[in-house]
Amino acid sequence: MVAGESGDLLFGGSGDDSLIGGSGADQLFGDDGNDVITGGSGADHFQFDLYSNGVDTFDFGSDVVTDFEVGDTLEIKGWGLGDLSVSVTQSGADTLLTAEAGTSHESSVLLEDVLVSPGEWDLSGDTFTLWG
Numbered sequence: 003m004v005a006g007e008s009g010d011l012l013f014g015g016s017g018d019d020s021l022i023g024g025s026g027a028d029q030l031f032g033d034d035g036n037d038v039i040t041g042g043s044g045a046d047h048f049q050f051d052l053y054s055n056g057v058d059t060f061d062f063g064s065d066v067v068t069d070f071e072v073g074d075t076l077e078i079k080g081w082g083l084g085d086l087s088v089s090v091t092q093s094g095a096d097t098l099l100t101a102e103a104g105t106s107h108e109s110s111v112l113l114e115d116v117l118v119s120p121g122e123w124d125l126s127g128d129t130f131t132l133w134g
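Residues in the sequence shown are numbered from 3 upward in steps of one, following our numbering.
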């Protein structure tokens with residue numbers, strides 16, 4: 003799925019998707035499956051959700067963000083599953099974010115060519131936020 007030139011909303015589906023933002027400030031939502039997401043230029047917002055509607059539980063798989071840059075934001079939210087925890091691990095030139103909510107729901111986001119320092123993120127309640 004490819005965005006246009008203005009700020010667009012792109013949503014991954016249940017499969018392994020490729021989301022490519024355009025030159026605007028896009029909002030990109032990884033969903034089920036193992037997605038590869040590129041924001042493009044502009045101050046993009048990447049969002050990943052772990053949630054339960056009371057019957058079913060959903061996660062976002064193991065996703066890759068190829069161009070997290072200064073001005074971008076990334077949010078991981080846990081809805082209705084209990085406490086959200088996120089570990090931040092450096093792996094060479096990349097950063098791996100591993101999110102867990104409840105007892106058995108784990109998903110991850112790999113940020114390619116991004117080194118994250120403490121203080122560049124916040125975990126408050128059910129939301130983890132990282133600023134580029």
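For every residue, glycine included, the Cβ atom is placed at its ideal position computed from N, Cα and C.
Counting C-beta neighbours from all protein chains within 10 Å, is the total for VAL118 16 or more, i.e. buried, or is it exposed?
As a first step, residue 118 is located in the sequence shown; it is residue number 116 there, counting from the start. So VAL118 counts as buried.
So, do the stretch 38-51 and the stretch 69-76 have three or more beta carbon pairs nearer to each other than 8 Å?
Because the criterion of three Cβ pairs below 8 Å is met, the stretch 38-51 and the stretch 69-76 touch.
Using C-beta distances below 7 Å, list every residue in its chain close to GLY26, excluding the 5 sequence neighbours before and after it, in chain order.
Position 24 of the sequence shown, counting from 1, holds the residue named residue 26. Shown here for GLY26: same chain residues with a beta carbon closer than 7 Å to its own, the five before and five after excluded, namely GLU7, SER8, GLY9, ASP10 and GLY44 in chain order.
Going by DSSP, what residue range makes up the beta strand (DSSP E) through PHE13?
Within the sequence shown, numbered from 1, the residue matching residue 13 stands at position 11. Taken as a continuous stretch (DSSP letters only), the beta strand (DSSP E) holding PHE13 covers 11-13.
Only counting the same chain, and skipping five residues up and downstream in sequence, which positions put a Cβ closer than 7 Å to that of ASP96?
Translated into positions along the sequence shown, residue 96 becomes position 94. Around ASP96: LEU112, LEU113, GLU114, ASP115 and VAL116.
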